[in-house]
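Numbering (the working numbering), first residue to last: 118 to 564. Just so it is clear, CB atoms sit at the ideal spot from N, CA and C, and this is done for glycine as well. In this text the structure is predicted, and so the values were computed from the model without any measurement. What follows is a set of notes on a single structure, which appears directly below.
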Ligand code: ATP
Ligand code: MG
């Protein structure tokens, strides 16, 4: 049973009272049928955009995409997107329809939607309208295109990634002819903007079923990120590993918390391994010296190309660069690590390293786990003591040093760094009197 949220109900009731048709449609119907809380409620109607504007004159209305028939009506500060039934004109660039035409039949509007599970509508009078077998596909846990898959992907290549995103989110399979078309049409992703690809990629990675997607569609991921290609099937010949690089990567992504940034770091963490491979014929072992550093550089270029925001870029590159480093074994070392990377990234590094380990062979597993536990204890210890991870955390600052006679300029920074090192090594207390005394000491020693 579908329980339309009160704010969407306000919109459908008003349109219906004025003699128009109105249904909730798409993701909210799908989510309700799955027993999930819909993220947002979309309404479709046979009222034209002008008629919708007139119907909601007293509401705050945003003309979101008026020429495509969409307006957003704010009801008690919650947005409801209202879209006039429409069909799309020809797609010239595999992404944007050249034109849209408004139509009067709900079924025509449902036919332009991407997947059967997204092509259902509901209102209390007529009940569920399911013209393409969406309910059956929900029961069978299948993503299936509405209509002929290749034609639908040619219209809009982004649907290829949307299919993987929904399959990953719900742990669904992809129906066979849709799956074949995903593979044969993947080159169409070249026509899709980097921003949209990046958004979908993060959505796929954050899903519960990402492992199956990575294992079943490596060629799609390699189309978006060609640098991944050499990883697929690349044997590691190393006792720490039981999988080729791509399979290891896929398992590592799945083992991580469902956070897009952490999972992006895992997707890219071993990307440089094939390029850094060397074989030791005496020990019969493969090595990948330098791959974290090289990989961080590659990750940086990939994320620029995908138009990543700067924070994600910085975090992912740092995690890739550090994923294979040994943990510090002393409180001072841990404080320096936090000073260098920041606490947030250090905490994410725990997730990255655990996921990486979970996707390795059992070789030395107990030692690796013990090192991780010790590092976690060390982090707790360091965090429960007064903090000084960077010069900002010191109990005195550059102005204080100047007021006691240290000349302005680079010597201020050098002095603060020297004081920080001693505080981190526990030989100096992070308190004004101790820091002033030590600063005076250092200053005189220089004279
Ligand atoms: P989410 O929970 O991720 O928002 P959603 O199904 O609501 O999922 P939206 O991107 O918000 O997805 O789109 C709303 C609806 O519009 C979809 O359910 C689908 O019917 C339709 N739709 C969206 N994008 C496309 C597309 N590229 N091609 C065809 N139909 C689409
Ligand atoms: Mg939505």
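Quick one: what's got a C-beta closer than 7 angstroms to residue i's C-beta in the same chain, skipping five residues either side?
i: residue 362; result: 348, 351, 353, 387, 390, 391
i: residue 441; result: 409
i: residue 454; result: 445, 463
What number of angstroms, rounded off, separates the C-alpha of residue i from the C-alpha of residue j?
i: residue 277; j: residue 328; result: 17 angstroms
i: residue 247; j: residue 202; result: 16 angstroms
i: residue 129; j: residue 471; result: 49 angstroms
i: residue 474; j: residue 364; result: 13 angstroms
i: residue 233; j: residue 383; result: 32 angstroms
i: residue 452; j: residue 319; result: 31 angstroms
i: residue 262; j: residue 226; result: 15 angstroms
i: residue 544; j: residue 552; result: 11 angstroms
i: residue 143; j: residue 150; result: 11 angstroms
i: residue 236; j: residue 322; result: 24 angstroms
i: residue 515; j: residue 445; result: 29 angstroms
i: residue 550; j: residue 558; result: 12 angstroms
i: residue 404; j: residue 397; result: 7 angstroms
i: residue 282; j: residue 419; result: 20 angstroms
i: residue 509; j: residue 217; result: 56 angstroms
i: residue 422; j: residue 346; result: 17 angstroms
i: residue 464; j: residue 501; result: 15 angstroms
i: residue 208; j: residue 152; result: 35 angstroms
i: residue 205; j: residue 189; result: 20 angstroms
i: residue 458; j: residue 131; result: 54 angstroms
i: residue 264; j: residue 312; result: 27 angstroms
i: residue 507; j: residue 537; result: 7 angstroms
i: residue 301; j: residue 221; result: 35 angstroms
i: residue 133; j: residue 425; result: 43 angstroms
i: residue 288; j: residue 333; result: 13 angstroms
i: residue 519; j: residue 525; result: 6 angstroms
i: residue 199; j: residue 241; result: 17 angstroms
Below 8 angstroms on the Cβ atoms is my contact criterion, and I expect residue i with residue j to pass it. Report the Cβ-Cβ distance as a whole number of Å.
i: residue 372; j: residue 488; result: Contact flag wrong, Cβ pair sits at about 17 angstroms.
i: residue 157; j: residue 196; result: 7 angstroms
i: residue 377; j: residue 326; result: Not really, about 15 angstroms apart at Cβ, beyond 8 angstroms.
i: residue 438; j: residue 413; result: 4 angstroms
i: residue 239; j: residue 141; result: 5 angstroms
i: residue 308; j: residue 210; result: 6 angstroms
i: residue 303; j: residue 336; result: 6 angstroms
i: residue 138; j: residue 223; result: 7 angstroms
i: residue 228; j: residue 266; result: Contact flag wrong, Cβ pair sits at about 14 angstroms.
Could you give the first and the last residue of the continuous alpha helix (DSSP H) run that contains residue i?
i: residue 470; result: 460 to 475
i: residue 144; result: 144 to 150
i: residue 218; result: Looking at the DSSP string, residue 218 is not in any alpha helix (DSSP H); the run it does join, the beta strand (DSSP E), is 217 to 219.
i: residue 492; result: 482 to 501
i: residue 329; result: 327 to 333
i: residue 163; result: Looking at the DSSP string, residue 163 is not in any alpha helix (DSSP H), and its letter there is neither H nor E.
i: residue 285; result: 275 to 287
i: residue 417; result: 408 to 422
i: residue 437; result: 427 to 439
i: residue 320; result: 311 to 322
i: residue 516; result: 515 to 520
i: residue 269; result: 266 to 272
In the DSSP assignment, find the unbroken beta strand (DSSP E) run with residue i in it and report its ends.
i: residue 191; result: 187 to 192
i: residue 204; result: 203 to 205
i: residue 245; result: 244 to 247
i: residue 181; result: 177 to 182
i: residue 404; result: 402 to 404
i: residue 395; result: 395 to 397
i: residue 238; result: 237 to 240
Is the closest heavy atom of the ligand ATP to the C-beta of residue i under 6 angstroms?
i: residue 150; result: no
i: residue 156; result: yes
i: residue 273; result: yes
i: residue 211; result: no
i: residue 226; result: no
i: residue 276; result: yes
i: residue 235; result: yes
Less than 7 angstroms between CB atoms is the rule here; does residue i satisfy it with respect to chain C?
i: residue 466; result: In summary, chain C is missing from the structure at hand, where a single protein chain is found.
I'd like the list of long-range same chain contacts for residue i, defined as Cβ closer than 6 angstroms, with 5 residues on each side in sequence excluded.
i: residue 395; result: 404
i: residue 407; result: 393
i: residue 135; result: 172
i: residue 250; result: 233
i: residue 286; result: 324
i: residue 179; result: 189
i: residue 274; result: 211, 305, 306, 308, 309
i: residue 571; result: Outside the displayed range of the chain (118 to 564) lies residue 571, so it cannot be described from this structure.
Compute every distance between the C-beta of residue i and the non-hydrogen atoms of the ligand MG, then say whether any falls below 6 angstroms.
i: residue 144; result: yes
Could you pull out every residue in the same chain whose Cβ sits closer than 8 angstroms to the Cβ of residue i, ignoring the five residues on either side in sequence?
i: residue 548; result: 512
Would you say the beta carbon of residue i comes nearer than 6 angstroms to a heavy atom of the ligand SAH?
i: residue 231; result: With respect to small molecules bound, the structure shown includes the ligand ATP and the ligand MG and not the ligand SAH.
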